[in-house]
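Engineer: Okay, here's the structure, questions in a sec.
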DNA sequence: CTGAAAGCGCTAACAG
DNA sequence: CTGTTAGCGCTTTCAG
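Residue numbers (our numbering), protein chains in the order written: chain C, 2 to 336; chain E, 2 to 336.
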């Protein structure tokens, strides 16, 4: 392939007739330099089209200016938009991002964790969903999670899931629904949106109807699963709060297939409110997560850890373990 | 932060009572090792929780096993899914991916290009859309583009855009449309989907109606632009071929607002057929790009360049400069 | 103001 | 079979 080497510091030094030290100095604007030296080095860099080797720089400096982001998959608009927001927030601090799609598989997440550590990233933001990855316990590295409780000592940033679940359910009730069902990914005590749904139902006399279809069910299967779930409670609900917008879309498709009119006979509210799904389905009423704020805060907490100006994981005290942001209701024609 | 260093090769060597060479050897399974040595090293690695420093490894080996992917933004499902497909294809070869969102801005793309080169990635796959970035000319590095003609010497992988444009338009005609309009991002000779549209119209007596709204128009504005465009040709069209699904969704929203029934009075066909949008809008008829094949082929061509078993950019001959894959029509209720 | 030299952690000759 | 010894490209004392 006869590719000539990229030029190195030494090449620049030689061409400029100075030492590598001097070149390094002008590159990093450190110490006093004669104008003459600066000029000659600048010219040599220009002539050679020199670009510092960040790999070498990182090896020495013990800082890669890279952080890892672990999420299920950027193929889902929610995580795609989250990734872009994180990237933007990071850019201000001079960091870049290594995006890792765990695809909801624990082995893949573990693999990526090792990759990130091996590559000596300066910190990790984890928004993946695999339970019980003990690896995180032993990670001695700046770490922040998004919408995921790993451990009380690891800062977590998220929207006010419980309040949001309550809000979504209340919107359905206000619109006239009497028996709203919940369609979520996994039911349980850890599911705060479900808690909010139950909160809102308490005192209305309505019985909670919780349907669970894993969010990473392969696509052709998912629609069927959702339809089975809805059919199984047929006649016992007149509204659905789906904990993500794509699931809400599946509910709409079910209704169309069954000839159930929305919103007169069925009201639907989704969750996330991503720009992409909003464009695809502007009719869908939903709860919007403030992704920009969440990303910005997660980055802020992470950078504080990296700079040592914030608590590291394992540290008690200091930053509260969870930061929550309020959500916004986006009206639509589905309720 | 009082974090003691991550353990190094030397630490492992000391603990195992062997030399660093030996440790390096067992790590890379190179040369002959006594079983005893292997065992002791393995134990030491285990005890210390040692993870090889990939940065150092890359510095020496002149290979980072990382490739850069430049795209507009993973916030759009099409590029999000493309990124995941590329990542999967790459994983088989032991490569990882650095995803760069250019956000459609030339400055950002240039910046990322420098970043990738500075980080000494082994190659670049570019699927961004900025015109006239002269930087690419001077890049002496394995490079493949996706759906983008940079130069005849740089391999390009894409779907059969022209055939696909023709197919989409023909589907509209077959469904009974007489005057299909085209809604695209940028009109011009380079727009092969537009060519296909014109091909299909030739001989039908229908006059081409081409509407252009840039795909990266900020979201709230876009819907308005699309509506203005459609209003401007009101009464002169009875179908729309939109060159991406999100644009098609905007057409549907326009129709709903104007009280135009789909598909009886207006037929619509989109483009891309991503899983996410398919889930959100299963009713939309569209043309599906074989993202998996495209990604796999792009990676194959890139890896061939990296391994030196394929032509480098600038090389004439060898691999044809463009590889095209056929698309598939996905039926829906919008036509 | 500038340069020589010692590493950062790892790999690869080149001897034993 | 194993250890010694150079570097990879860059930053950073420490002396001029």
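From the three backbone atoms N, C-alpha and C, an ideal C-beta is built for every residue, glycine too.
Using the three-state DSSP reduction, which class does residue 146(C) fall into: helix, strand or coil?
Structural biologist: As a first step, residue 146(C) must be located in the first chain, where it is residue number 145. Under the three-state reduction of DSSP output, residue 146(C) falls in the strand class.
Engineer: Relative to the C-alpha of residue 192(E), which candidate in 46(E), 164(E), 223(E) and 175(E) has its C-alpha closest?
Structural biologist: Taking the second chain and counting its residues from 1, the one referred to as residue 192(E) is at position 191. Of the candidates 46(E), 164(E), 223(E) and 175(E), the one whose C-alpha sits nearest the C-alpha of residue 192(E) is 164(E).
Engineer: How is the alpha helix (DSSP H) around residue 62(C) delimited, first residue to last?
Structural biologist: Translated into positions along the first chain, residue 62(C) becomes position 61. Looking at the DSSP string, the run of the alpha helix (DSSP H) that includes residue 62(C) is 55–62.
Engineer: In the DSSP output, what is residue 337(E) paired with across the bridge?
Structural biologist: Chain E is shown from 2 up to 336; residue 337(E) falls before or after that span and cannot be answered.
Engineer: How about residue 214(C) and residue 235(C): do their beta carbons lie closer than 9 Å?
Structural biologist: Locating residue 214(C) in the first chain gives position 213, counting from the first residue. Locating residue 235(C) in the first chain gives position 234, counting from the first residue. Not a contact, by the Cβ cut-off of 9 Å.
Engineer: Please work out which residues of its chain come closer than 7 Å, Cβ to Cβ, to residue 28(E), disregarding the five sequence neighbours upstream and downstream, and give them in chain order.
Structural biologist: Reading the second chain from its first residue, position 27 is the one you call residue 28(E). Closer than 7 Å at Cβ, skipping near neighbours: 53.
Engineer: Report the neighbours of residue 53(E) on chain C: residues whose CB is nearer than 9 Å to its CB, in chain order.
Structural biologist: Taking the second chain and counting its residues from 1, the one referred to as residue 53(E) is at position 52. Correct list: 119.
Engineer: What three-state label does DSSP hand residue 1(C) in the structure shown?
Structural biologist: Nothing can be reported for residue 1(C), as the shown portion of chain C is limited to 2 through 336.
Engineer: For residue 287(E), tell me which candidate among 220(E), 331(E) and 127(E) has the shortest Cα-Cα distance.
Structural biologist: Within the second chain, the letter at position 286 stands for residue 287(E). Considering only alpha carbons, the answer is 331(E).
Engineer: For residue 9(E), which residues from the same chain have a beta carbon less than 6 Å from its beta carbon, with the 5 sequence-adjacent residues on both sides left out?
Structural biologist: Here the question's residue 9(E) lines up with position 8 in the second chain. Nothing meets the Cβ criterion.
Engineer: May I ask which residues mark the beginning and end of the alpha helix (DSSP H) holding residue 175(C)?
Structural biologist: Sequence index remark: in the first chain, residue 175(C) carries index 174 (1-based). That run of the alpha helix (DSSP H) goes 162–175.
Engineer: Along the beta strand (DSSP E) that carries residue 325(C), what are the first and last residues, could you check?
Structural biologist: Counted from its first residue, the first chain places residue 325(C) at position 324. Unbroken beta strand (DSSP E) run through residue 325(C): 323–326.
Engineer: How far does the alpha helix (DSSP H) with residue 46(C) in it reach, from first residue to last?
Structural biologist: Position 45 of the first chain, counted from the start, is the residue given in the question as residue 46(C). 36–49 is the span of the alpha helix (DSSP H), which, as asked, contains residue 46(C).
Engineer: Opposite residue 211(E) in the DSSP bridges: which residues?
Structural biologist: The count along the second chain starts at 1 and reaches residue 211(E) at position 210. Residue 211(E) pairs with 183(E).
Engineer: Using the three-state DSSP reduction, which class does residue 238(E) fall into: helix, strand or coil?
Structural biologist: Locating residue 238(E) in the second chain gives position 237, counting from the first residue. In the structure shown, the three-state DSSP call for residue 238(E) is coil.
Engineer: Could you please tell me which residues of the stretch 59–76 of chain E, in chain order, have their CB closer than 8 Å to any CB of chain C?
Structural biologist: 59, 60, 65, 74, 75 and 76
Engineer: Say whether chain C places a C-beta atom closer than 9 Å to the C-beta of residue 247(E).
Structural biologist: Stepping through the second chain from its first residue, residue 247(E) is reached at position 246. Cβ-Cβ to chain C under 9 Å: yes for residue 247(E).
Engineer: With DSSP as the reference, identify every bridge partner of residue 67(E), one or two as the case may be.
Structural biologist: Mapped onto the second chain, residue 67(E) falls at position 66. For residue 67(E), which the question treats as bridged, DSSP gives the partners 97(E).
Engineer: In chain order, what residues of the same chain lie with their CB nearer than 6 Å to the CB of residue 194(E), ignoring the 5 residues before and after it?
Structural biologist: Start at 1 with the first residue of the second chain, and residue 194(E) comes out as number 193. If we look at residue 194(E) and ignore the five residues flanking it on each side, its Cβ neighbours are 162, 166 and 244.
Engineer: Report the CB separation of residue 298(E) from residue 158(E) in whole angstroms; it is logged as a contact under 8 Å.
Structural biologist: Here residue 298(E) is taken as the residue at index 297 of the second chain, counted from 1. Here residue 158(E) is taken as the residue at index 157 of the second chain, counted from 1. Confirmed, about 5 Å.
Engineer: Using a cut-off of 7 Å between C-beta atoms, extract the partners of residue 102(E) located in chain C.
Structural biologist: The count along the second chain starts at 1 and reaches residue 102(E) at position 101. The contacting residues are 85 and 88.
Engineer: Please state the DSSP three-state secondary structure of residue 329(E).
Structural biologist: Position 328 of the second chain, counted from the first residue, corresponds to residue 329(E). Three-state DSSP puts residue 329(E) in a strand.
Engineer: Can a CB atom of chain C be found closer than 9 Å to the CB of residue 2(E)?
Structural biologist: The count along the second chain starts at 1 and reaches residue 2(E) at position 1. Unreliable positioning characterises residue 2(E) in this predicted model, as indicated by a pLDDT of 31, which lies under 50. The coordinate reading is nonetheless provided below. Residue 2(E) counts as touching chain C.
Engineer: DSSP beta-bridge partners for residue 102(C)?
Structural biologist: Counted from its first residue, the first chain places residue 102(C) at position 101. Its beta-bridge partners are 72(C).
Engineer: Please report whether the beta-carbon of residue 97(C) lies at a distance below 9 Å from any beta-carbon of chain E.
Structural biologist: Residue 97(C) sits at position 96 when you count from the first residue of the first chain. Judged by the 9 Å Cβ criterion, residue 97(C) is in contact with chain E.
Engineer: Which residues of chain E have a Cβ atom closer than 9 Å to the Cβ of residue 1(C), listed in chain order?
Structural biologist: Past the edges of chain C, shown from 2 to 336, lies residue 1(C), and the structure says nothing about it.
Engineer: Less than 6 Å between C-beta atoms, sequence neighbours within five positions excluded: which residues of the same chain meet that for residue 333(C)?
Structural biologist: As a first step, residue 333(C) is located in the first chain; it is residue number 332 there, counting from the start. Counting only Cβ-Cβ distances below 6 Å, and skipping sequence neighbours, we find 284, 285 and 286.
Engineer: Residues of chain E with CB closer than 7 Å to the CB of residue 115(C), please, in chain order.
Structural biologist: The residue you call residue 115(C) lines up with position 114 of the first chain. Ordered by position in chain E, the residues that pass the 7 Å Cβ test against residue 115(C) are 52.
Engineer: Just confirm the distance between the C-beta atoms of residue 247(E) and residue 280(C), as a whole number of angstroms; I'd bet it's less than 8 Å.
Structural biologist: Here residue 247(E) refers to the residue found at position 246 when the second chain is read from its first residue. Here residue 280(C) refers to the residue found at position 279 when the first chain is read from its first residue. Yes, they are in contact, since the Cβ atoms of residue 247(E) and residue 280(C) sit about 5 Å apart, within 8 Å.
Engineer: Is any beta-carbon of chain C found at less than 9 Å from that of residue 215(E)?
Structural biologist: Taking the first residue of the second chain as 1, we reach residue 215(E) at position 214. It does not: the Cβ of residue 215(E) has no partner Cβ on chain C nearer than 9 Å.
Engineer: Using C-beta distances below 8 Å, list every residue in its chain close to residue 176(E), excluding the 5 sequence neighbours before and after it, in chain order.
Structural biologist: Reading the second chain from its first residue, position 175 is the one you call residue 176(E). Counting only Cβ-Cβ distances below 8 Å, and skipping sequence neighbours, we find 240, 264, 268 and 336.
Engineer: For residue 78(E), would you say it is in contact with chain C, using Cβ-to-Cβ distances shorter than 9 Å as the test?
Structural biologist: Indexing the second chain from 1 puts residue 78(E) at position 77. Residue 78(E) counts as touching chain C.
Engineer: I need the straight-line Cα distance from residue 74(C) to residue 85(E), nearest angstrom please.
Structural biologist: Your numbering for residue 74(C) matches position 73 in the first chain. Your numbering for residue 85(E) matches position 84 in the second chain. One C-alpha to the other measures close to 7 Å.
Engineer: Please name the residue in 328(C), 306(C), 322(C) and 44(C) whose C-alpha comes closest to that of residue 125(C).
Structural biologist: Here residue 125(C) refers to the residue found at position 124 of the first chain. With distances taken between Cα atoms, residue 125(C) lies closest to 306(C).
Engineer: Alpha carbons only, please: which of 56(C), 116(C), 83(C) and 87(C) is nearest the one belonging to residue 97(C)?
Structural biologist: Here residue 97(C) is taken as the residue at index 96 of the first chain, counted from 1. For residue 97(C), the nearest C-alpha among the options comes from 87(C).
Engineer: Within a Cβ cutoff of 6 Å, which residues of the same chain sit near residue 293(E), ignoring the five residues on either side of it in sequence?
Structural biologist: To locate residue 293(E), count along the second chain from 1; it is residue 292. Cβ neighbours of residue 293(E) beyond the five flanking positions: 86.
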